[in-house]
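Notes follow once the structure below has been shown.
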Amino acid sequence: MPKLLSSKTVIRVLERNGFVFVSQKGSHIKYRKHESAVLTVIIPANKKEVPYGTFRSILRQAQLDEEDFR
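Per this note's numbering, residue 407 is the first one in the sequence shown, and the count goes up by one each step.
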């Protein structure tokens with residue numbers, strides 16, 4: 407099983423890839439990227455380890471690869 411990442415690490419990588427903070431409601435943060443298509447990603451806030459299934463969902467929403475997080 408791959409190493410689990412924190413919410414802060416996931417947010418840093420998303421920001422490096424052009425995503426910007428939109429809003430936060432409770433324990434979920436919304437980031438958005440405006441390009442040819444509008445991409446919206448929801449991230450759980452303040453998690454020391456984002457579960458792998460949730461991480462894969464974030465990758466799918468952001469249209470990124472695991473390689474972008476290394």
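From the three backbone atoms N, C-alpha and C, an ideal C-beta is built for every residue, glycine too. Nothing here was measured: the structure is a model prediction, and the numbers come from that model.
**Asked** Among the residues of its own chain, which have a CB less than 7 Å from the CB of V447, if the five just before and after it don't count?
**Response** L420, F425, Y437, I464, Q467, A468
**Message:** In whole angstroms, give me the CA-to-CA distance for F427 and P408.
**Reply:** 27 Å
**Expected contact under 8 Å - CB spacing of S433 and P450 to nearest Å** = 6 Å
**Item:** Beta-bridge partners of K453, as assigned by DSSP
**Value:** Its beta-bridge partners do not exist; DSSP assigns none.
**Message:** Within 10 Å of its beta-carbon, does V444 have 16 or more other beta-carbons around it, so buried, or fewer, so exposed?
**Reply:** exposed
**Request:** Using beta-carbon positions only, say whether E473 and L411 come within less than 9 Å of one another.
**Result:** no
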